[in-house]
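Visitor: Top to bottom, those sequences are chains F and S.
For the first sequence, position 251 (counting from the first letter as 1) is numbered 251 according to our numbering, and the numbering increases by one without interruption.
For the second sequence, position 80 (counting from the first letter as 1) is numbered 1080 according to our numbering, and the numbering increases by one without interruption.
I'd like to ask some things about the structure below.
There are 2 protein chains.
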Amino acid sequence: MLSAWGLRVRLGSNALRRYFYLAGTDEERLADLNSAFRDPDVRAVLCIRGGYGAQRIVDGIDFDAVRADPKLFMGFSDITALHVALWCETRLATIHGPTAYGLATGPDCTRALDARQALMTRDPIVMTPDENEGTAQLRLAGRAEGVLLGGNLTMLAATAGTRHRPDLNGAILMIEATDEEPYRVDRSLVQLKRAGWLDGVAGVAVGQFTRCEDDGPTPTVQQVLAEQLGSLGVPVLGGLPFGHGEQQTALGLGVPAILDADTRTLTVQPVGQ
Amino acid sequence: MLSAWGLRVRLGSNALRRYFYLAGTDEERLADLNSAFRDPDVRAVLCIRGGYGAQRIVDGIDFDAVRADPKLFMGFSDITALHVALWCETRLATIHGPTAYGLATGPDCTRALDARQALMTRDPIVMTPDENEGTAQLRLAGRAEGVLLGGNLTMLAATAGTRHRPDLNGAILMIEATDEEPYRVDRSLVQLKRAGWLDGVAGVAVGQFTRCEDDGPTPTVQQVLAEQLGSLGVPVLGGLPFGHGEQQTALGLGVPAILDADTRTLTVQPVGQ
Chain F
1 MLSAWGLRVR
11 LGSNALRRYF
21 YLAGTDEERL
31 ADLNSAFRDP
41 DVRAVLCIRG
51 GYGAQRIVDG
61 IDFDAVRADP
71 KLFMGFSDIT
81 ALHVALWCET
91 RLATIHGPTA
101 YGLATGPDCT
111 RALDARQALM
121 TRDPIVMTPD
131 ENEGTAQLRL
141 AGRAEGVLLG
151 GNLTMLAATA
161 GTRHRPDLNG
171 AILMIEATDE
181 EPYRVDRSLV
191 QLKRAGWLDG
201 VAGVAVGQFT
211 RCEDDGPTPT
221 VQQVLAEQLG
231 SLGVPVLGGL
241 PFGHGEQQTA
251 LGLGVPAILD
261 ADTRTLTVQP
271 VGQ
Chain S
1001 MLSAWGLRVR
1011 LGSNALRRYF
1021 YLAGTDEERL
1031 ADLNSAFRDP
1041 DVRAVLCIRG
1051 GYGAQRIVDG
1061 IDFDAVRADP
1071 KLFMGFSDIT
1081 ALHVALWCET
1091 RLATIHGPTA
1101 YGLATGPDCT
1111 RALDARQALM
1121 TRDPIVMTPD
1131 ENEGTAQLRL
1141 AGRAEGVLLG
1151 GNLTMLAATA
1161 GTRHRPDLNG
1171 AILMIEATDE
1181 EPYRVDRSLV
1191 QLKRAGWLDG
1201 VAGVAVGQFT
1211 RCEDDGPTPT
1221 VQQVLAEQLG
1231 SLGVPVLGGL
1241 PFGHGEQQTA
1251 LGLGVPAILD
1261 ADTRTLTVQP
1271 VGQ
């Protein structure tokens, strides 16, 4: 499909390996990633999958190579560890968008066209809530401008305490999650709050929280988000179509954005040069 | 049962409340906890349950009251957030042991007798691996002496980045977990490593990892523990009977201990005055 966009595709030499749940050992995956960052012919790095394992290699990235030759970089979910590391170490703006595996649905589906726009044009992304999303009712009035940062909530919490701490002061935080019971979502948000990550955040863009329900005497994930985000006292807009849902709109991280809960839009500036 | 030991039991005034999955609102639970810490007649605080919620109130503890009148404190699992906070803020040695709910099996069961020993005697606790435990095969030779610290691995990772960071340099780390798939156990250990918590740790005591298996092309939790702990290059002793298993031996945190993987013993000094 990427070929249909006129792109030349090169697969990492270890990309098809397996090591338990990982796509190869840490060394193999790191070698592929650094090889791509170092190769001047490579103009974009698209992650094939999320899953688990990025944090195991993130401190071995050749950040000098990234600084010397910035490239487009796209992925989400587990890849949040890489987004955060690239931002903290090199200030690279990246794209929070579908994995290459998730784009295999064909070049003309909405998901792919949105990804193509984010990767290959200078058009801003304008996103509105999807009323069918579980978090669509989440809205706290106001308008915020700031750099858009964040990603998978679980991976953000799993990054707390490491040397990668994005400065969210004045920023718009975007979060999504999958397969996390409400208490785990609460735990991640409380951890980030206790760690000071949310101090001074200008607004919160809430994406998809898929398969985050639980049985028993438990709040819904919507109630958890409403309580924890509501206490921040900043604009919040939920139901945005990014994350593990059917629609996975690509959007930039580390670029200026406007979150307007009143007009119900998230506008994100392009990443591409 | 506590009465059968000659103790006078006082229930927190909000102890029977419910607030979703929590035993009352944060304010209610915190009021009970601080009330107990402030009351000179209270000589021990026994947590009724684990579950989830301690980290939500931990920064509101009246640490001055704890410093002014140190008491015995016992619990585990989610209560790890309190153990860590009490240690970091006041250097209170606490007891990693059954919840009061978990003691309701009667005063003469092994679990209760062990808890009584930890709470009410000055006898050291000597613990040996239970060959039936899933982590019993985990053993890396050597002997380590140091203060014993740790608890529930998930809660330790959820504390990373907050102001509560126990100094594990020269200490023996103890860990247990429940209901965490192997990748989540790996994630917690990688987070603690990346956050520097494990730098200089003298040894690791591994307890029960209950319901931590997963289907699919995944390592077992034993393999995850062997890889992550093996790379530390320190003595490791698995299969110890603390955690969410049937046997839950109480033992002190913040007290001197000896981990001897060669003789297969963990010896922990008493907490009680």
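Backbone N, C-alpha and C define an ideal beta-carbon position, used for all residues, glycine too.
If Q1222/S sits next to L1138/S, beta carbons under 8 angstroms apart, how far is it from one beta carbon to the other, in whole angstroms?
Guide: Going by Cβ atoms, the distance from Q1222/S to L1138/S rounds to 6 angstroms, so yes, they are a contact pair.
Visitor: Would Q222/F count as contacting chain S if we go by Cβ distances under 8 angstroms?
Guide: It does not; no Cβ of chain S falls within 8 angstroms.
Visitor: So, V147/F versus G254/F, is the Cβ gap smaller than 8 angstroms?
Guide: Taking 8 angstroms as the Cβ cut-off, V147/F and G254/F qualify as a contacting pair.
Visitor: Considering only the beta carbon of each residue, do G243/F and Q208/F sit closer than 8 angstroms?
Guide: Going by C-beta atoms, G243/F is nearer than 8 angstroms to Q208/F.
Visitor: How big is the Cα-Cα spacing for S188/F and G1097/S?
Guide: Cα to Cα, S188/F sits roughly 25 angstroms from G1097/S.
Visitor: Can you check which of these residues, G53/F, V236/F, C88/F and S77/F, is closest to D64/F by C-alpha distance?
Guide: Here the closest residue by C-alpha is C88/F.
Visitor: If you drop the 5 nearest sequence neighbours on each side, which residues of the same chain put their C-beta closer than 8 angstroms to that of I61/F?
Guide: The answer, listed in chain order, is L30, L33, N34, F37, L82, A85, L86 and E89.
Visitor: Does T1210/S come out as helix, strand or coil in the three-state DSSP assignment?
Guide: Strand.
Visitor: Could you tell me whether any Cβ in chain A is nearer than 8 angstroms to the Cβ of T1218/S?
Guide: Absence of chain A from the displayed structure is noted, the protein chains being F and S.
Visitor: Mind checking who L266/F pairs with in its DSSP beta bridge?
Guide: Beta-bridge pairing links L266/F to M127/F and L259/F.
Visitor: So, are the CB atoms of D1130/S and P1241/S less than 8 angstroms apart?
Guide: Contact: yes.
Visitor: Look up N14/F in the DSSP assignment and say whether it is helix, strand or coil.
Guide: The answer is coil: DSSP assigns N14/F none of H, G, I, E or B.
Visitor: Give the secondary structure of Y1052/S by DSSP, where H, G and I count as helix, E and B as strand, and everything else as coil.
Guide: Y1052/S falls in the coil class under three-state DSSP.
Visitor: Less than 6 angstroms between C-beta atoms, sequence neighbours within five positions excluded: which residues of the same chain meet that for Q1228/S?
Guide: The residues are L1189.
Visitor: So, for P124/F: in the same chain, excluding its five sequence neighbours on each side, which residues have a beta-carbon less than 8 angstroms away from its beta-carbon?
Guide: Closer than 8 angstroms at the Cβ level, and outside the excluded window around P124/F, lie T267, V268, Q269 and P270.
Visitor: Under 7 angstroms between beta-carbons, which chain S residues line up against V201/F? List them in chain order, please.
Guide: By Cβ distance, chain S contributes nothing, its closest Cβ being about 15 angstroms from V201/F, past 7 angstroms.
Visitor: Where does I61/F sit, in a helix, a strand or coil, going by DSSP?
Guide: Reduced to three states, the DSSP call for I61/F is coil.
Visitor: Is V1185/S helix, strand or coil when you go by DSSP?
Guide: Helix.
Visitor: Quick one: what's G252/F bridged to in DSSP?
Guide: Answer is I95/F.
Visitor: Can you tell me whether DSSP reads A1044/S as helix, strand or coil?
Guide: Reduced to three states, the DSSP call for A1044/S is strand.
Visitor: Which residues of chain F have a Cβ atom closer than 8 angstroms to the Cβ of D1059/S, listed in chain order?
Guide: Going along chain F in sequence order, the residues near D1059/S (Cβ under 8 angstroms) are R194.
Visitor: Roughly how far, in whole angstroms, is the beta-carbon of A136/F from the beta-carbon of G238/F, given that I think they are within contact range, below 8 angstroms?
Guide: Yes, they are in contact, since the Cβ atoms of A136/F and G238/F sit about 6 angstroms apart, within 8 angstroms.
Visitor: Hey, quick one: how far does the beta strand (DSSP E) through N34/F stretch, first residue to last?
Guide: N34/F -> not in any beta strand (DSSP E); alpha helix (DSSP H) instead, spanning D26 to R38.
Visitor: Going by beta carbon distance, what residues of the same chain come within less than 6 angstroms of T178/F, once the five residues before and after it are set aside?
Guide: Hits under 6 angstroms: T210, R211 and H244.
Visitor: Taking buried to mean at least 16 other C-beta atoms within 10 Å of its own C-beta, is V4/F buried or exposed?
Guide: The sequence given here places Ala at residue 4/F; Val does not occur at that position. Burial call: exposed.
Visitor: Roughly how far, in whole angstroms, is the beta-carbon of Q1247/S from the beta-carbon of A158/F, given that I think they are within contact range, below 8 angstroms?
Guide: The pair is not a contact, with the Cβ atoms about 31 angstroms apart (cut-off 8 angstroms).
Visitor: Can you look up R139/F in the DSSP assignment and give me helix, strand or coil?
Guide: In the structure shown, R139/F sits in a strand (DSSP, three-state: E or B).
Visitor: Let's test the definition: count the other Cβ atoms within 10 Å of the Cβ of T1121/S and tell me whether it reaches 16, buried, or not, exposed.
Guide: Burial call: exposed.
Visitor: Mind checking whether T99/F and I48/F have CB atoms under 8 angstroms apart?
Guide: Yes, these two residues count as a Cβ contact at 8 angstroms.
Visitor: Below 8 angstroms between beta carbons is the criterion; list the residues of the stretch 81–110 of chain F that meet it against any residue of chain S, in chain order.
Guide: Per Cβ criterion, the list is empty.
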